[in-house]
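Notes follow once the structure below has been shown.
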Ligand code: HEM
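In mature numbering (1 follows the signal peptide of the UniProt record, and there is no 0), the protein residues as written are 1 to 474.
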């Protein structure tokens with residue numbers, strides 16, 4: 001395991017050790033070249049342990065980018081187009097209102113990162129499955145710091161009456177927390193780093209031995225993929241799919257024979273649906289948490305932000321999509337700066353389709369090329385004083401912004417494989433922040449470690465959760 005730290009951002013590469021040649025790219029011009037041309041996505045099936053330990057690995061389907069993916073991407077794209085996104089505002093707003101009711105319990109701090117994960121999971125659950133997972137219920141005393149550990153989310157009560165779905169989603173949250181890319185994972189993950197060829201045989205043995213992490217992961221994964229299969233099967237049987245969500249669109253395309261049924265096999269549909277849930281929840285949740293964390297520590301930013309939000313109108317005026325686009329320029333800057341400061345998805349992977357020259361190096365076919373988005377975002381050539389949180393650096397009128405390379409800030413990736421949920425997540429994050437700051441401000445809890453500790457996993461996360469004191473605005 002080794003860490004790239006020369007640009008101030010640790011990128012753990014332990015899980016790559018001993019595999020095919022790898023080059024890490026942290027230059028905007030080269031990122032553009034790699035992201036848009038000459039490179040294909042890594043067929044992620046070949047990425048070792050941490051990802052292959054996830055629920056749908058057994059089917060060989062998790063995060064695969066084979067020829068079927070283009071058909072899938074085209075099928076679901078319309079869910080994420082602006083006209084449809086605008087119609088999702090009321091759904092998002094209703095989850096936000098529900099999740100953030102009664103936040104200010106006297107003398108109790110909250111674990112905001114739990115709240116944001118539940119909220120983001122509910123929102124994507126509705127968009128992907130058309131199912132209300134019921135996680136965004138008002139926070140209660142049982143969610144105060146004193147009684148809930150961050151790693152214990154799956155043990156929380158969830159009495160929404162739909163056991164199957166709530167169990168599934170609790171498993172999902174648990175399994176998301178288990179996806180680690182360093183040496184703190186299961187024994188087979190560690191073995192995979194050192195002797196890849198032994199990994200699978202060992203996993204097969206270890207998963208049968210009670211008490212091992214491999215056994216726990218295996219059991220979570222089995223339950224999770226079983227439940228997901230059931231949800232997909234039931235939705236396939238129900239032909240009355242009028243609402244426009246991810247799963248309905250795929251199943252309708254399958255049945256209308258626009259896409260061959262063999263292409264969208266039930267297993268494949270399960271895999272991409274799960275992947276979607278994962279891609280859309282942990283990323284959005286962390287981003288929302290990190291913004292609130294950073295604003296809580298920068299009172300001058302908070303003041304300016306509150307002014308903008310208050311200036312929009314009385315709290316009963318819910319912004320529509322156009323308002324979100326036009327009326328909150330400072331909020332835009334705060335979000336971008338927070339996403340630069342803590343890049344939730346620090347690495348984007350590609351593979352050279354052919355021998356190719358890049359940055360003066362001749363890379364053999366098959367070389368893995370990783371775009372280090374997190375390193376890019378801390379490069380002082382594009383972001384002077386990169387360790388300072390300064391939303392104004394994203395003001396379109398400022399010199400720093402005008403001078404900046406257009407690909408210096410690409411938290412959603414780049415090119416034909418860029419994030420499909422970019423606009424969706426920004427809409428959700430903006431609505432959440434506007435709603436929250438109309439009612440509350442936040443301060444770091446005294447129980448929060450200082451300096452904050454991050455976990456550099458599949459996605460960035462607060463190692464011990466984000467703990468906040470909530471103050472109701474008067
Ligand atoms: C703040 C929130 C988010 C961030 C920072 C983020 C970031 C990313 C990044 C960096 C990639 C890889 C792009 C590349 O390879 O060039 C990606 C891919 C993807 N994201 Fe997101 N994402 C977010 C939210 C979402 C949401 C809400 C959804 C679903 C609604 C989503 C669905 C996807 C999918 C399906 C892909 C794979 C696209 C493909 O391979 O064609 N993401 N995301």
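Here a beta-carbon is modelled for each residue, glycine too, at the ideal position from N, C-alpha and C.
In angstroms with no decimal places, state the Cα-to-Cα distance between residue 28 and residue 396.
-> Residue 28 and residue 396 have their C-alpha atoms some 19 Å from each other.
Relative to the alpha-carbon of residue 88, which residue among 130, 275, 367 and 241 has its alpha-carbon at the smallest distance?
-> Taking only the C-alpha atoms, the option nearest residue 88 is 130.
Classify residue 251 as helix, strand or coil using the three-state DSSP reduction.
-> Assigned with DSSP and collapsed to three states, residue 251 falls in helix.
Unbroken alpha helix (DSSP H) run spanning residue 77, endpoints | According to the DSSP assignment, residue 77 belongs to no alpha helix (DSSP H), since it is labelled neither H nor E.
Are there 16 or more other CB atoms within 10 angstroms of the CB of residue 319, so buried, or fewer, so exposed?
-> Under this definition residue 319 is a buried residue.
Which term fits residue 377, buried or exposed, when burial requires 16 or more other beta carbons within 10 angstroms of its beta carbon?
-> Label assigned to residue 377: buried.
Cα-Cα, which of 299, 423, 317 and 311 is closest to residue 443?
-> Closest by C-alpha distance to residue 443, out of 299, 423, 317 and 311, is 299.
Would you report the Cα separation of residue 351 and residue 393, rounded to the nearest angstrom?
-> Spanning the two alpha carbons is a distance of roughly 33 Å.
State the start and end residues of the unbroken beta strand (DSSP E) segment that holds residue 444.
-> That run of the beta strand (DSSP E) goes 440–444.
So the beta strand (DSSP E) residue 462 belongs to, where does it begin and stop?
-> Taken as a continuous stretch (DSSP letters only), the beta strand (DSSP E) holding residue 462 covers 460–462.
N- and C-terminal bounds of the beta strand (DSSP E) containing residue 470 = According to the DSSP assignment, residue 470 belongs to the beta strand (DSSP E) that extends over 467–472.
Decide yes or no for the touch test of the region 278–287 against the region 299–308: beta carbon pairs closer than 8 Å, at least 3 of them.
-> No contact exists between the region 278–287 and the region 299–308.
Using only alpha-carbon positions, find the residue among 106, 373, 389 and 113 that is nearest to residue 282.
-> The residue among 106, 373, 389 and 113 with its C-alpha nearest the C-alpha of residue 282 is 113.
Cross-strand partners of residue 371 (DSSP beta bridge) | According to DSSP, which records beta bridges pairwise, residue 371 is partnered with 25 and 348.
Candidates 375, 215, 411 and 238: which alpha carbon is nearest residue 344's?
-> Closest option to residue 344, Cα to Cα, is 411.
When the distance is taken between beta carbons, is residue 136 closer than 7 Å to residue 78?
-> No.
Could you tell me which residues DSSP pairs with residue 456 in its beta bridges?
-> Answer is 460.
With distances taken Cα to Cα, identify the nearest neighbour of residue 389 among 292, 215 and 462.
-> Selected option, being the one with the closest Cα: 292.
Based on the DSSP secondary-structure assignment, which residues constitute the bridge partners of residue 358?
-> Note: residue 358 sits in a beta bridge opposite 361.
Start-to-end residues for the alpha helix (DSSP H) that takes in residue 267 | It spans 266–296 - the alpha helix (DSSP H) in which residue 267 sits, taken as one unbroken run.
Taking buried to mean at least 16 other C-beta atoms within 10 Å of its own C-beta, is residue 237 buried or exposed?
-> With fewer than 16 other Cβ atoms from the protein chains shown falling within 10 Å of its own Cβ, residue 237 counts as exposed.
Apart from the five residues just before and just after residue 266, which ones in its own chain have a Cβ nearer than 8 Å to its Cβ?
-> So the list reads 229, 232, 233 and 236, once near-sequence residues are dropped.
Can you tell me the Cβ-Cβ gap for residue 403 and residue 441, rounded? I've got them flagged as a contact below 8 Å.
-> Contact between residue 403 and residue 441 is ruled out by a C-beta separation of about 34 Å, above the 8 Å threshold.
Compute the minimum distance between the beta carbon of residue 348 and the heavy atoms of the ligand HEM, and state whether it is under 6 Å.
-> For residue 348, the Cβ falls inside the 6 Å cut-off from some heavy atom of the ligand HEM.
Is any heavy atom in the ligand SAM found nearer than 6 Å to the beta carbon of residue 384?
-> As for the ligand SAM, it is missing from this structure, which binds only the ligand HEM.
Identify the continuous alpha helix (DSSP H) that holds residue 447 and give its terminal residues.
-> Run containing residue 447: none; DSSP gives neither H nor E here.
Residue 434 burial status per 10 Å Cβ neighbour count (16 or more: buried) | In the assembly as shown, residue 434 is a buried residue. Its beta-carbon has 16 or more other beta-carbons within 10 Å.
How should residue 461 be labelled, buried or exposed, when 16 other C-beta atoms within 10 angstroms of its C-beta is the threshold for buried?
-> Classification for residue 461: buried.
Residue closest to residue 246, alpha-carbon to alpha-carbon, out of 226, 272 and 240 | If we check each option's Cα against that of residue 246, 272 comes out closest.
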